[in-house]
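Residue numbers (this note's numbering): 660 to 784.
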């Protein structure tokens, strides 16, 4: 036998807000990192070894850009998690409401039918 699942939409939304906060902090960190590294200029110089250090296949610029992309993707994952949690909460609430709306008419019909077929039972409670 399976156990019932209990979903607390307020908890989902609270978790979504925390994911969003981490995403915002991650983006702020990335912006700070970009502006700080950009403000330092190209300290390696323009000679042959400086260009190799900066522009080579495994050079500084490629690694820097790769790190920036990775951090941006991490922020995107946190944003997606926040969106998914909010969407899940909304979908759960909508499904619950739809089920409740569908059950009300059925329950009324059942009570009406029971009153017609078993009036003595309905009188007792």
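Backbone N, C-alpha and C define an ideal beta-carbon position, used for all residues, glycine too.
{"Query": "Boundaries of the alpha helix (DSSP H) in which residue 764 is found, first to last residue", "Result": "719 to 776"}
{"Query": "Which of helix, strand or coil DSSP assigns to residue 702", "Result": "coil"}
{"Query": "Residue 715, enclosing alpha helix (DSSP H) - first and last residue", "Result": "Run containing residue 715: none; DSSP gives neither H nor E here."}
{"Query": "Cβ-Cβ distance between residue 662 and residue 734 below 8 Å", "Result": "no"}
{"Query": "Spatial distance of residue 740 from residue 689 (CA atoms)", "Result": "19 Å"}
{"Query": "Which listed residue (684, 670, 672) has its alpha carbon closest to that of residue 731", "Result": "684"}
{"Query": "Closest by C-alpha distance to residue 692, when choosing among 751, 674, 726, 713", "Result": "726"}
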